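Colleague: Going by numbering that gives the first Met the number 0, the residue at position 213 of the sequence shown is 212; the numbering climbs one at a time, nothing skipped.
For each residue, glycine too, the CB sits at the ideal point set by N, CA and C.
Computed from a predicted structure; not experimentally measured.
For reference, the structure I am asking about is given below.
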Amino acid sequence: MTDTTRPTVVLAGGGHTHALILKRLQKGQKPPAHFVLVSASRYTAYSGMLPGVISGHYTAEQSHIDLELLANESKCTFVRATLSGVDTEANELILENGNRLQYDILSINTGSTQARVIDAKDIISIKPIGSFLFWLNQLLPEHIKQNDSFTLVIMGAGAAGIEVALALHQRFEHLHSLKIHIVTTRGIMPGHPIKVQKMVIEEIERKPIKIHTNFRVTNVKDKTLTSDQNEHLRYDALILATPAAPARWPSESTLATSSQGFIQVNSTLRSISHDNVFACGDIAEFIHSKLVKSGVYAVRQAPVLFQNISNLLEKKTLEPYRPQNQFLSLLSCADGRAIASRGCFTARGRLIWLWKDWIDRRFMAQFPLPAPGSMELSASIQS
Ligand SMILES: Cc1cc2nc3c(=O)[nH]c(=O)nc-3n(C[C@H](O)[C@H](O)[C@H](O)COP(=O)(O)OP(=O)(O)OC[C@H]3O[C@@H](n4cnc5c(N)ncnc54)[C@H](O)[C@@H]3O)c2cc1C
0 MTDTTRPTVV LAGGGHTHAL ILKRLQKGQK PPAHFVLVSA SRYTAYSGML
50 PGVISGHYTA EQSHIDLELL ANESKCTFVR ATLSGVDTEA NELILENGNR
100 LQYDILSINT GSTQARVIDA KDIISIKPIG SFLFWLNQLL PEHIKQNDSF
150 TLVIMGAGAA GIEVALALHQ RFEHLHSLKI HIVTTRGIMP GHPIKVQKMV
200 IEEIERKPIK IHTNFRVTNV KDKTLTSDQN EHLRYDALIL ATPAAPARWP
250 SESTLATSSQ GFIQVNSTLR SISHDNVFAC GDIAEFIHSK LVKSGVYAVR
300 QAPVLFQNIS NLLEKKTLEP YRPQNQFLSL LSCADGRAIA SRGCFTARGR
350 LIWLWKDWID RRFMAQFPLP APGSMELSAS IQS
């Protein structure tokens, strides 16, 4: 596997940025290096389509990239393994299976998970998306069948929590025994324009979904959430849709990390502590500007990352990544309509959904997808 004549570039994690780097390796001049992709799973999810998978608009296969096939097409070695650390002195990735992988240049694109704001065993996290879909398809229907009434509580009212709540309602609309609640310490879609917040509240109010704002959970016991105002909410299933949080391993390594544990990078996507390490997408945090965790940024970082890996290999100056000030947000209402916003522009309706559907399908059309029906949503799929 190791090519001793050329440096090794290890791409750790098959997030949006690395998937696009692999596409770029298929075009034009390939940087003079041996590329290795390390991914916890053969498939990686495109989260923009997740609400559509939940509501039944798309199959799981339509929303996942086949990384192994993509790596093969890009002449990149594919290693299916979960990384659990980095030994920056030895320039080695530490894998969960006990193996180590040498690198000359390392790029990290392992995404994020949901902040674990409460301590309870039976929480369902939206990420990894593969595990969430396994729960949704295999476990949840059984649980619902065993109960006369079933209460699903979603913690978090950011875009992800709202889209998942609307999509779950759409999927189980026929089940009158199912109740959906959203709890949030703050309001609905904090950080989004007021017009969008109002539209989202209207969408929720049209459906039997109950929102509990200013509900700060202080205790979880016997499948009951208790707030600091001493309100109680019983649940049968609790879904975490809290803000993005990093895995623990970066802050346990010698890489410089933020107080939350994201890998700190400068404007060139390079680690501020290690010159041969890059980080991108959700796991990266810029020291000069804090970006919201969004796939849009992960996608836009791909050309700069590709250029900077090439420049580092050729000992040239690195280029800065300049994030756009505004970007288009498209939120699925799960019923064939969507809400769009960009700066002070907002719109809602069927045409917006068709626009979102077109953008998402066009993005995925660049990549090899798992064959229809081939993706077994087993608990071991971590995407
Ligand atoms: C429900 C929902 C809907 C969303 N909708 C949108 C949207 O419409 N538009 C938008 O811009 N953003 C959206 N987001 C945010 C978006 O998901 C993230 O910002 C985006 O996925 C970040 O991409 P990434 O490239 O950093 O990593 P990801 O796309 O999360 O990929 C990380 C990859 O790394 C792998 N990995 C993780 N840990 C390891 C490890 N230790 N070892 C090996 N591999 C590992 C994972 O399996 C995964 O394949 C949504 C999020 C959610 C939860």
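For K314, count the other beta carbons within 10 Å of its own beta carbon; 16 or more makes it buried, fewer makes it exposed. Which is it?
Modeller: If you draw a 10 Å sphere on the C-beta of K314, you find fewer than 16 other C-beta atoms in it, and that means exposed.
Colleague: My parser needs the beta strand (DSSP E) runs of 3 or more residues fully inside the region 179-244; what are they?
Modeller: 208-211, 216-220, 223-226, 231-233, 236-239
Colleague: So for M363, helix, strand or coil by DSSP?
Modeller: Helix, per DSSP.
Colleague: Can you give me the Cβ contacts of A160 inside the same chain, cut-off strictly under 7 Å, excluding the 5 residues immediately before and after it?
Modeller: Just to set this straight, residue 160 is Gly in the shown sequence, not Ala. These residues qualify, in order along the chain: I153, I181, A240.
Colleague: Candidates N265, K355, S272, L330: which alpha carbon is nearest Q300's?
Modeller: N265
Colleague: So I125 is in the alpha helix (DSSP H); what residue range does that whole segment cover?
Modeller: Per DSSP, I125 belongs to no alpha helix (DSSP H) and is neither H nor E.
Colleague: Is it a yes or a no for the region 295-312 touching the region 15-22, going by three-plus beta-carbon pairs under 8 Å?
Modeller: yes
Colleague: Based on DSSP bridge pairs, tell me the residues matched to V8.
Modeller: F34, I104
Colleague: Please identify the residue among V9, S270, N324, I338 whose C-alpha is closest to the C-alpha of R349.
Modeller: Ranking the options by Cα distance to R349, first place goes to I338.
Colleague: Return the CA-CA distance between S382 and I128, expressed in angstroms with no decimal places.
Modeller: Note that S382 has pLDDT 46, beneath the 50 cutoff, so the model's placement of it is unreliable and no number is given.
Colleague: Within a Cβ cutoff of 6 Å, which residues of the same chain sit near I117, ignoring the five residues on either side of it in sequence?
Modeller: Within the same chain, I117 has close Cβ partners V216, V219.
Colleague: Taking I208 as the reference, give the member of C332, A44, K29 with the closest Cα.
Modeller: C332
Colleague: Express the C-alpha separation of R247 and P30 in angstroms, rounding to a whole number.
Modeller: 32 Å
Colleague: With a threshold of 16 other CB atoms inside 10 Å of the CB of A44, please say whether the residue is buried or exposed.
Modeller: buried
Colleague: Can you tell me the Cβ-Cβ gap for L36 and V78, rounded? I've got them flagged as a contact below 8 Å.
Modeller: 7 Å
Colleague: To which residues of the same chain is G51 closer than 6 Å at the C-beta, ignoring the five residues directly before and after it?
Modeller: Y57
Colleague: Closest by CA to Q169, which one among G190, E60, G13, K206?
Modeller: In terms of Cα proximity to Q169, the closest of G190, E60, G13, K206 is K206.
Colleague: Identify, in the order they occur along the chain, each residue of the same chain with its Cβ nearer than 6 Å to the Cβ of D103, setting aside the five sequence neighbours on each side.
Modeller: So the qualifying residues of the chain are P6, T7.
Colleague: Quick one: grab the DSSP three-state call for L329.
Modeller: If DSSP states are grouped into helix, strand and coil, L329 belongs with the strands.
Colleague: Are there 16 or more other CB atoms within 10 angstroms of the CB of E202, so buried, or fewer, so exposed?
Modeller: It is buried - the Cβ of E202 has at least 16 other Cβ atoms within 10 Å.
Colleague: Which residues in the same chain as S83 place their Cβ atom closer than 6 Å to its Cβ, once the five residues preceding and following it in sequence are excluded?
Modeller: I93, E95, W248
Colleague: Which whole-angstrom value describes the C-beta separation of L9 and L105, a residue pair presumed to lie in contact below a C-beta threshold of 8 Å?
Modeller: Checking the sequence, you will find Val at residue 9 rather than Leu. Confirmed, about 5 Å.
Colleague: In terms of residue numbering, what span does the beta strand (DSSP E) encompassing I338 cover?
Modeller: 337-341
Colleague: Report whether the distance from the Cβ of A70 to the nearest heavy atom of ligand 1 is below 8 Å.
Modeller: No - ligand 1 has no heavy atom lying nearer than 8 Å to the Cβ of A70.
Colleague: State the CB to CB distance for the pair G13 and S46, rounded to an integer number of angstroms; the pair is presumed to be in contact (CB under 8 Å).
Modeller: The Cβ separation is near 13 Å, so there is no contact.
Colleague: Report the rounded CA-to-CA distance for F366 versus K22, giving the unit in angstroms.
Modeller: 8 Å
Colleague: I need the straight-line Cα distance from P371 to G157, nearest angstrom please.
Modeller: 31 Å
Colleague: Tell me the rounded alpha-carbon separation between L49 and Q306.
Modeller: 30 Å
Colleague: Buried or exposed for H191, please, with buried defined as at least 16 other CB atoms from any protein chain shown within 10 angstroms of its CB.
Modeller: buried
Colleague: So what does DSSP say about Y45, is it helix, strand or coil?
Modeller: coil
Colleague: Can you tell me which of H63, H33, G55 puts its alpha carbon nearest to the alpha carbon of P369?
Modeller: Scanning H63, H33, G55 for the CA closest to the CA of P369 turns up H63.
Colleague: What are the partner residues of I20, as DSSP defines its beta bridges?
Modeller: DSSP lists no partner for I20.
Colleague: Measure how close the beta-carbons of I125 and Q113 come, nearest whole angstrom, since I'm counting them as under 8 Å.
Modeller: 6 Å
Colleague: Cα separation between V276 and T87?
Modeller: 9 Å
Colleague: According to DSSP, is D86 helix, strand or coil?
Modeller: It is a strand residue.
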